[in-house]
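Notes follow the structure.
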Amino acid sequence: MNSAYHSLREQLEGLLAESRLQSRQASEWEKVETYWQIGDALTAHIDTQPGAKYGQEIVRNLSKDLQLGQTTLYETLRFRRVVQDPNLYARTKCGWSHFRALIHLQTPEQIQHFAKQVQQHGWTTRQLKRAIEIGGDVEPGFADIPSPPLRSRFHQPFTYRVVTDQFQVDGPPAIDFGFHQVWAPQKLAGFDTATVGDRLTIDDDGSEPHAQVREDRPGLWTYVARVLRIIDGDTLDVVVDLGLGHRAYPRLRLRGIDTAELYTTAGRTAKAFVEEALSESPIIIISTWRTDTFGRYLADVKYRPGTDDPDDILRDGTYLNGQLLKQGLATRYLV
Numbered sequence: 033m034n035s036a037y038h039s040l041r042e043q044l045e046g047l048l049a050e051s052r053l054q055s056r057q058a059s060e061w062e063k064v065e066t067y068w069q070i071g072d073a074l075t076a077h078i079d080t081q082p083g084a085k086y087g088q089e090i091v092r093n094l095s096k097d098l099q100l101g102q103t104t105l106y107e108t109l110r111f112r113r114v115v116q117d118p119n120l121y122a123r124t125k126c127g128w129s130h131f132r133a134l135i136h137l138q139t140p141e142q143i144q145h146f147a148k149q150v151q152q153h154g155w156t157t158r159q160l161k162r163a164i165e166i167g168g169d170v171e172p173g174f175a176d177i178p179s180p181p182l183r184s185r186f187h188q189p190f191t192y193r194v195v196t197d198q199f200q201v202d203g204p205p206a207i208d209f210g211f212h213q214v215w216a217p218q219k220l221a222g223f224d225t226a227t228v229g230d231r232l233t234i235d236d237d238g239s240e241p242h243a244q245v246r247e248d249r250p251g252l253w254t255y256v257a258r259v260l261r262i263i264d265g266d267t268l269d270v271v272v273d274l275g276l277g278h279r280a281y282p283r284l285r286l287r288g289i290d291t292a293e294l295y296t297t298a299g300r301t302a303k304a305f306v307e308e309a310l311s312e313s314p315i316i317i318i319s320t321w322r323t324d325t326f327g328r329y330l331a332d333v334k335y336r337p338g339t340d341d342p343d344d345i346l347r348d349g350t351y352l353n354g355q356l357l358k359q360g361l362a363t364r365y366l367v
């Protein structure tokens, strides 16, 4: 790509890096501003070139370089085009997930109308979408619609998918450990029959690791981890055992829940609860879903004090996300 593209990429990387550094300290509105600024920079760049194909190519390349979904990038473009001045909405309670619904309305007047309803009624994104669908404001009992139950999803750790080795595309495939870690084994028993798209487990208990292609296609992205630091009630730093001596050091955001900010009494209480709950757990089991705006992995966490046996934790452990909800230390968070 040309120098203009590289300049655009660096600009967007800077915006994302600044937002990720702010992390939990950033207000929801600052996140909205970041997406609007990304859309503004994208619009200014794409509008200098005629034709839709150029814009599609730019979005496709940026998605790979920035590790942002193409859908998200297209939404930032639409956000910029339909909202000329985001500061008009600065006093509303609209977060980015609200705007993802609002930007598909037909007129600025409709956007302003429903943004005002969010502000007045404190609607969740789910409630906003339903109001838009029925074309009204509030129906009886609307604000009291219960959130869907939070269900965990755990699978067998040390299960991997087989992917193309992007460094040597025409060579043998590689193993995706997750967390942007890919291994291209030079010699691994049982791996010679694996093809891209397969799922496999690796037996590392003997003298030589052995891969087994799984015809039953088990679920992915469940890991054994150790807690390094508890940031607040719903955010953890961990070290993850990817298998075969590989490690990752992600920041986790507990999926589906939201604890109060740390400067509040409720926030400090939630953090203290998590610290106490995990204090006697040498390992935890995590299941990741995707990353959020700030690069944190949305995760389910299971623990059981006093054991370092993953099978025990999977079978009899406590689901931390759900426990915080039941204890009244977190609220349901829908996106």
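Just so we're aligned: 308 in the numbering used here is position 276 of the sequence shown, and the numbers increase by one with no gaps anywhere. Ideal Cβ placement from N, Cα and C applies to all residues, glycine included. Please read all numbers here as calculations on a predicted model, not as lab measurements.
Cβ-Cβ separation, residue j to residue i (assumed contact under 8 Å), whole Å
| i | j | result |
| --- | --- | --- |
| L94 | H130 | About 24 Å; that fails the 8 Å criterion. |
| I289 | A362 | 4 Å |
| V319 | T254 | Just to set this straight, residue 319 is Ser in the shown sequence, not Val. Confirmed, about 5 Å. |
| P342 | P189 | 6 Å |
| G127 | E50 | The pair is not a contact, with the Cβ atoms about 18 Å apart (cut-off 8 Å). |
| F209 | G275 | 7 Å |
C-alpha gap between residue i and residue j, whole angstroms
| i | j | result |
| --- | --- | --- |
| T104 | G338 | 42 Å |
| V272 | V228 | 24 Å |
| Y365 | G87 | 34 Å |
| Q54 | L48 | Residue confidence for Q54 is low, a pLDDT of 49 falling below 50, so the modelled location carries little weight and cannot support an answer. |
| Y67 | K334 | 33 Å |
| G277 | R162 | 48 Å |
| H77 | K63 | 21 Å |
| P181 | W215 | 37 Å |
| A302 | Q142 | 39 Å |
| D264 | F211 | 22 Å |
| D340 | V245 | 27 Å |
| H38 | L232 | 38 Å |
| F174 | L109 | Low local confidence applies: a pLDDT of 42 at F174 is under 50, so the model's placement there is unreliable, and no value is given. |
| I262 | R300 | 11 Å |
| V114 | H136 | 9 Å |
| T191 | P217 | 16 Å |
| R287 | L356 | 11 Å |
| L352 | V270 | 15 Å |
| A331 | G360 | 19 Å |
| R249 | G154 | 42 Å |
| L284 | G71 | 27 Å |
| T139 | R279 | 49 Å |
| T124 | H242 | 56 Å |
| R41 | I90 | 10 Å |
| T157 | K219 | 49 Å |
| E45 | V306 | 33 Å |
| T291 | Q151 | 21 Å |
Buried or exposed by the 16-neighbour rule on C-beta atoms within 10 Å, applied to residue i
| i | result |
| --- | --- |
| P82 | exposed |
| R193 | buried |
| E107 | buried |
| F186 | buried |
| F199 | exposed |
| A133 | buried |
| L120 | exposed |
| N34 | exposed |
| D230 | buried |
| Q213 | exposed |
| L74 | buried |
| R336 | buried |
| R112 | buried |
| R322 | exposed |
| L260 | exposed |
| G101 | exposed |
| Q116 | exposed |
Host beta strand (DSSP E) of residue i (start-end)
| i | result |
| --- | --- |
| A206 | 206–210 |
| H278 | 278–280 |
| K334 | 329–335 |
| I234 | 231–235 |
| V368 | This structure cannot settle anything about residue 368, because the visible part of the chain is limited to 33 through 367. |
| H242 | 242–245 |
| Y192 | 191–195 |
| L284 | 283–286 |
Delimiting residues of the alpha helix (DSSP H) encompassing residue i
| i | result |
| --- | --- |
| S319 | Per DSSP, S319 belongs to no alpha helix (DSSP H); it is in the beta strand (DSSP E), 316–323. |
| W215 | Counting along the chain, W215 falls outside any alpha helix (DSSP H), though it belongs to the beta strand (DSSP E) covering 213–215. |
| V150 | 140–153 |
| T267 | Counting along the chain, T267 falls outside any alpha helix (DSSP H), though it belongs to the beta strand (DSSP E) covering 267–275. |
| L74 | 60–78 |
| R300 | 297–310 |
| L105 | 102–114 |
| L182 | Here L182 belongs to no alpha helix (DSSP H), and DSSP marks it neither H nor E. |
| S95 | 84–98 |
| F131 | 128–134 |
| Q355 | 352–358 |
| D117 | From DSSP, D117 is part of no alpha helix (DSSP H); its letter is neither H nor E. |
| L346 | 342–348 |
Heavy atom of the ligand NAD within 6 Å of residue i beta-carbon
| i | result |
| --- | --- |
| Q102 | Among the components modelled here there is no ligand, and therefore nothing to report on the ligand NAD. |
query: Do the region 284–295 and the region 230–247 touch if we need at least three Cβ pairs shorter than 8 Å?
result: no
query: For the 8 Å Cβ check, are there 3 or more pairs between the region 133–147 and the region 303–315?
result: no
query: Are the region 215–226 and the region 190–205 touching, with three or more C-beta to C-beta distances below 8 Å?
result: yes
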